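Working notes for the structure below.
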Amino acid sequence: MAVSKPALPTTLSGALVTDLVYLFYARIREDEVLGPLFEERLEGRWDEHLTQMIEFWESVVLLTGRYRGRPHEKHRGMLLDPQHFWRWLALFEKTTRELCTGHAAETFISRAHRIAESLQIGLNIGPKALRLAKASASSAQPL
Ligand code: HEM
Numbered sequence: 061m062a063v064s065k066p067a068l069p070t071t072l073s074g075a076l077v078t079d080l081v082y083l084f085y086a087r088i089r090e091d092e093v094l095g096p097l098f099e100e101r102l103e104g105r106w107d108e109h110l111t112q113m114i115e116f117w118e119s120v121v122l123l124t125g126r127y128r129g130r131p132h133e134k135h136r137g138m139l140l141d142p143q144h145f146w147r148w149l150a151l152f153e154k155t156t157r158e159l160c161t162g163h164a165a166e167t168f169i170s171r172a173h174r175i176a177e178s179l180q181i182g183l184n185i186g187p188k189a190l191r192l193a194k195a196s197a198s199s200a201q202p203l
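So for the sequence shown, the working numbering puts the first residue at 61; every next one is plus one.
In structure tokens, the structure reads:
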């Protein structure tokens with residue numbers, strides 16, 4: 061007889077944030093492209109990073125307001141490009157869909173995309189950054 065799988069949660073909760081952060085960063089550490097970038101920057105500070113990321117995601121999806129960091133500054137100097145962000149987002153989406161569905165999954169994924177876009181604008185990379193560069197280049201042309 062087939063054993064039916066328990067239904068995935070559709071509701072956001074602190075427990076879900078913790079599970080997602082732990083599973084996602086366990087996979088990040090194993091990722092051949094992203095893993096080394098994290099290792100190089102964190103130099104063993106993984107516990108601290110996971111605690112920060114749990115607070116960050118609880119603030120984003122549960123509005124706890126406990127996260128007080130500066131994400132844009134943390135990503136400077138790592139030479140990130142749009143491919144890194146796409147890889148990060150693909151792994152994040154895959155992991156999220158394994159742990160939850162419906163409202164919870166859509167909230168995590170849509171917020172991750174928005175924040176990734178904002179980080180890329182801050183780092184002056186990605187499609188929006190190119191559009192800004194083109195816009196300023198064309199406005200610099202003589203009329
Ligand atoms: C493109 C690939 C990415 C890489 C390689 C990356 C790497 C890192 C690293 C190494 C840190 C720790 C910096 C430090 O403590 O000195 C960090 C911090 C952080 N990352 Fe990313 N990141 C990426 C994308 C993202 C995305 C897409 C998000 C959000 C959706 C995000 C959210 C954060 C936040 C909130 C922090 C700050 C945590 C704190 O305050 O300590 N990152 N990231």
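Positions of the beta carbon are idealized from the N, C-alpha and C atoms, including for glycine. All values derive from a computational prediction rather than experimental measurement.
Would DSSP call residue i helix, strand or coil?
i, result
"G65", "Looking at the sequence shown, residue 65 is not Gly but Lys. Looking at K65 - three-state DSSP - the assignment turns out to be coil, as it is neither helix nor strand."
"D79", "helix"
"P202", "Note on P202: pLDDT 45, under 50, position unreliable in the model; no value is reported."
"R174", "helix"
"G95", "helix"
"L183", "coil"
"Y127", "coil"
"M113", "helix"
"G162", "helix"
"G29", "No information on residue 29 is available, as it lies outside the stretch 61 to 203 that the chain covers here."
"L139", "coil"
Could you tell me the boundaries of the alpha helix (DSSP H) in which residue i lies?
i, result
"E103", "Note, E103: premise wrong, no alpha helix (DSSP H); not H, not E."
"R157", "142 to 159"
"H132", "131 to 134"
Subject >> Validate contact between the stretch 121 to 137 and the stretch 85 to 100 using beta carbons, cut 8 Å, 3 pairs >> reply: Touching, no.
Original post:
Is the stretch 177 to 187 touching the stretch 83 to 90 in the sense that three or more CB pairs, one from each, lie closer than 8 Å?
Top reply: With a cut-off of 8 Å, the stretch 177 to 187 and the stretch 83 to 90 do not count as touching, because too few Cβ pairs lie within range.
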